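> The structure is given below, and queries will be raised subsequently.
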Amino acid sequence: MRKIAQISDLHFGRHSEAAAEDLLASLRDTDPELVVVTGDLTQRARRAEFIQARRFLDRIDQPKLVVPGNHDMPLYNLLRRFLTPFAKYRHYISPVGVIEDLFRDEEIAVLGLDSTRRFTHKSGRISIEQVSLLRRTFSDVPPGVFRALATHHPLGFPRGERPRKVAGRSALALEAVASVGVHLLMSGHHHRALSGDEEIGIGAKGSVLILHAGTAISTRMRGNEANSYNLVRVAWPRLSISVMARIADRGFCESDILCFQFKDGRWQAA
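Counting from 1 along the sequence shown, just add 817 to a position and that's the residue number in this note's numbering.
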């Protein structure tokens, strides 16, 4: 079995120190094989915020796959945003992540793609080159190995959920996801914990699990949602998703749990 912890939308500079300490304690307890960070590590891409984020990441012992979010680009300094939008991110954050944004062992393969774009600050987009990279990366992954893709901006929404804005070229990316058999999409951005399957591929011949994360430690929460992160347990062809929600004075506790089984190219509730 492999465990993947997905944390997202940390927003250092607009975060809770107590929640950050609780999150570190929970990651020590759950001890995942991989921690995936799906963007927005900072609130305003300031140097002090990146330093805080780097110190936090350095305290996580597990391998980390990190992708940036739109908040990790300068908002008000337009010259920096257009010329060197990720200079501080690359200096402080990139060195702590896995090489080439890919984690792979004998049971799981997880790829991270940067969906942010300097000219569309809030919205995201997947490039043609990234779609090609996605195809190349997973094309030689052996059958029976679990495949996951991490982005900041969602590529889709689970069935039954109210759709919101997704990254540009999501339809093209989903066709590639279907063709190479990616099983799980992880994203953040909307500060809401959602999970479920969606039909994909030409003629919807398969399905993919879609997993959105809430904000792990930020005070910028939505509605009644608490700070949370996702804990994915993979025992192929079975998978479970636990929302680890923060409760005052108790830290992060297992909340909603969903279980799935992959059969005949589709995810089914187990």
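Backbone N, C-alpha and C define an ideal beta-carbon position, used for all residues, glycine too. Predicted model, so just to flag it, every value in this text is computed and none were measured.
1) What first and last residue would you give for the beta strand (DSSP E) that runs through residue 845?
2) Does the distance from the C-beta atom of residue 948 to that of residue 1002 stay below 8 Å?
3) Which ranges would you report for the beta strand (DSSP E) in the region 902-955 if only whole runs of at least 3 residues count?
4) Would you decide whether residue 959 is buried or exposed? Buried here means 16 or more other CB atoms lie within 10 Å of its CB.
5) Taking contact to mean at least 3 C-beta pairs separated by less than 8 Å, is the region 846-865 in contact with the region 1079-1087?
6) Whole angstroms are fine: how far does the CA of residue 1012 sit from the CA of residue 873?
7) CB residue 883 to CB residue 927, shorter than 8 Å?
8) Pick helix, strand or coil for residue 1004, following the three-state DSSP scheme.
9) Using C-beta distances below 8 Å, list every residue in its chain close to residue 871, excluding the 5 sequence neighbours before and after it, in chain order.
10) Got a sec, what are the start and stop residues for the alpha helix (DSSP H) residue 868 sits in?
11) Let me check one thing: in DSSP terms, what residues is residue 881 bridge-paired to?
12) Quick check on this structure: which residue in 875, 946, 976, 1000 has the alpha carbon closest to the alpha carbon of residue 961?
13) Terminal residues of the continuous beta strand (DSSP E) containing residue 991?
14) Would you kindly check if the distance between the Cβ of residue 1024 and the Cβ of residue 1015 is under 8 Å?
15) Whole beta strand (DSSP E) runs in the region 1018-1047 with 3 or more residues, listed along the chain?
16) Closer than 8 Å is the cut-off here; do at least three beta carbon pairs connect the region 980-997 with the region 1037-1044?
17) Just confirm the distance between the C-beta atoms of residue 1076 and residue 1057, as a whole number of angstroms; I'd bet it's less than 8 Å.
18) According to DSSP, is residue 1073 helix, strand or coil?
19) What span of residues does the beta strand (DSSP E) with residue 1053 cover, start to end?
20) Using the beta-carbon count (16 or more within 10 Å), is residue 824 buried or exposed?
21) Output needed for residue 1008: all residues of its chain with C-beta closer than 8 Å, excluding positions within five of it in sequence on either side, in chain order.
22) Need the endpoints of the beta strand (DSSP E) that residue 827 sits in, please.
23) With DSSP collapsed to three states, give me the class of residue 1014.
24) Quick one: measure Cβ to Cβ for residue 887 and residue 969, integer angstroms, because I've assumed they're closer than 8 Å.
25) So with Cβ pairs under 8 Å, would you call residue 910 a contact of chain B?
26) Helix, strand or coil: which one does DSSP assign to residue 897?
27) Can you list, in chain order, the residues of its chain whose CB lies under 7 Å from that of residue 864, leaving out five sequence neighbours each side?
28) DSSP has residue 1079 in a bridge; who is on the other side?
According to the structure shown:
1) Not the beta strand (DSSP E): residue 845 falls in the alpha helix (DSSP H), residues 834-847.
2) no
3) Fully enclosed beta strand (DSSP E) runs of 3 or longer: 919-921, 925-929, 937-941.
4) exposed
5) The region 846-865, when compared against the region 1079-1087, does not touch it at the 8 Å Cβ threshold.
6) 27 Å
7) no
8) strand
9) 909, 910, 913
10) 864-875
11) 852, per the DSSP bridge assignment.
12) Distances from the CA of residue 961 to each of 875, 946, 976, 1000 were compared; the closest alpha carbon is that of 1000.
13) Premise fails: residue 991 lies in the alpha helix (DSSP H), 987-997, not in any beta strand (DSSP E).
14) yes
15) 1023-1029
16) no
17) Going by Cβ atoms, the distance from residue 1076 to residue 1057 rounds to 5 Å, so yes, they are a contact pair.
18) Here residue 1073 sits in strand by DSSP.
19) Run containing residue 1053: none; DSSP gives neither H nor E here.
20) Buried, because 16 or more other Cβ atoms sit within 10 Å of the Cβ of residue 824.
21) 826, 1031, 1032, 1035, 1037, 1038, 1039, 1042
22) Per DSSP, residue 827 lies in no beta strand (DSSP E) segment and is marked neither H nor E.
23) strand
24) That belief holds up - the Cβ atoms of residue 887 and residue 969 are roughly 7 Å apart, short of 8 Å.
25) This model lacks chain B altogether, as it is built from one protein chain only.
26) helix
27) 905
28) 1084
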